[in-house]
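Chemist: The opening position of the sequence shown corresponds to residue 0 in numbering that gives the first Met the number 0, with each subsequent residue numbered one higher.
No residue lacks a Cβ here, since even glycine has one placed at the ideal position from N, Cα and C.
Dropping a structure here in structure tokens format, bear with me for questions.
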Amino acid sequence: MGFLRSSSSYSSALKWLGFVTAVWVQSISGNNYTFSNYSSALKSLMNLNQLQLNNLSVAKDVGKAFGILAGLASDRLSTPVILLIGCFEGLLGYGVQWLVVSRTITPLPYWQMCVFLCMGGNSTTWMNTAVLVTCIRNFRRNRGPVSGILKGYVGLSTAIFTDLCTALFSNYPASFLVLLAVVPFAVCLTAVFFLREIPPASSADEDSEETRYFAVFNIVAVVVAVYLQSYDLIGIKTGVFSVAFASILLFLL
């Protein structure tokens, strides 16, 4: 009997640890909405007109349309495999863009840049699918709160990336692209070890416990949102203040 309780506690702890890493993944997977942060650098380096720049943005959005592939794969591949596909695709897609913007390599032909932007856009669909499908299966009696919290952090992720880059790197486009390439890769590699399917709650006590924990997650999400908004309104984005902001934000996450 004691062994069964111990096993149940371990499964519960692993399930919640997986949800925390899922929140981390969602917090860094909204990079599809950050094109404007570095598009001017691409436009200048590649001598693009506005129509060509708009088409690059369309290529990125087309990548999201291929998210159907991640959905089909979710019933056939394990969560770690789906996460790995997303993180390596993002590393390649945004990594090449960083090489161009940082002038490490000469600008690639226009069609090749479209391909790499498409890959960057598609990468997050694998991350989102892995996280949402796994967590909904783990918390079947609280699918609404799970979806709301995870989608909420996707919405916050653009502000998280932008504000962190502004605070730490003075909003340099090349530095921003480094974050887009490396941070999701590192977070997904971490999530591979913790995010996996766990048997859902099977008793009223477990269901009640999940409800209380999700209330805490909702409160933390609101605090993060208010904190990000306050930083933007204050407008002090240099020196010690910026470092302190970044440190507190990482702690909240």
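Tell me, to the nearest whole angstrom, how far the beta carbon of L194 is from that of A69; I am working on the premise that it is less than 8 Å.
Modeler: Rounded, the Cβ-Cβ distance is 15 Å, inconsistent with contact.
Chemist: Secondary structure at R279, three-state DSSP: helix, strand or coil?
Modeler: With the chain covering only 0 through 252, there is no way to say anything about residue 279.
Chemist: Near V191, what residues of its chain come up, given a Cβ to Cβ distance below 7 Å and the 5 sequence neighbours on each side ignored?
Modeler: Within the same chain, V191 has close Cβ partners P79, L82 and L83.
Chemist: Who are the Cβ neighbours of Y9 in its own chain at under 7 Å, not counting the five residues just before and after it?
Modeler: Here the set comprises nothing.
Chemist: I believe D162 touches Y230 by the beta-carbon criterion, under 8 Å. Please report the beta-carbon distance rounded to the nearest angstrom.
Modeler: Confirmed, Cβ separation roughly 6 Å.
Chemist: Within 8 Å, do at least three Cβ pairs link the region 143-150 to the region 55-70?
Modeler: The region 55-70 vs the region 143-150: no contact.
Chemist: Quick check on this structure: which residue in Y171, I197, L91 and T123 has the alpha carbon closest to the alpha carbon of R136?
Modeler: Minimum Cα distance to R136 is reached at I197.
Chemist: Please look up how many angstroms separate the CB atoms of L91 and M118, rounded, as I've assumed it's under 8 Å.
Modeler: Contact holds; Cβ gap of about 6 Å.
Chemist: Between which residues of its own chain and A158 is the CB-CB distance below 7 Å, once the five residues before and five after are set aside?
Modeler: Answer for A158: L227, listed in chain order.
Chemist: Out of R75, F250 and Q111, which has the shortest C-alpha to C-alpha gap to T128?
Modeler: Of the listed residues, the one whose Cα sits closest to T128 is R75.
Chemist: Am I right that A224 and L155 are in contact with their C-beta atoms under 8 Å? What's the rounded C-beta distance?
Modeler: Yes, they are in contact, since the Cβ atoms of A224 and L155 sit about 6 Å apart, within 8 Å.
Chemist: Pull up the CB-CB distance for L55 and C113, whole angstroms please, since I reckon it's below 8 Å.
Modeler: About 6 Å; that satisfies the 8 Å criterion.
Chemist: If you scan the region 48-136 from start to end, which runs of the alpha helix (DSSP H) of 4 or more residues do you find wholly inside it?
Modeler: Complete alpha helix (DSSP H) runs here, min 4: 49-64, 67-72 and 78-100.
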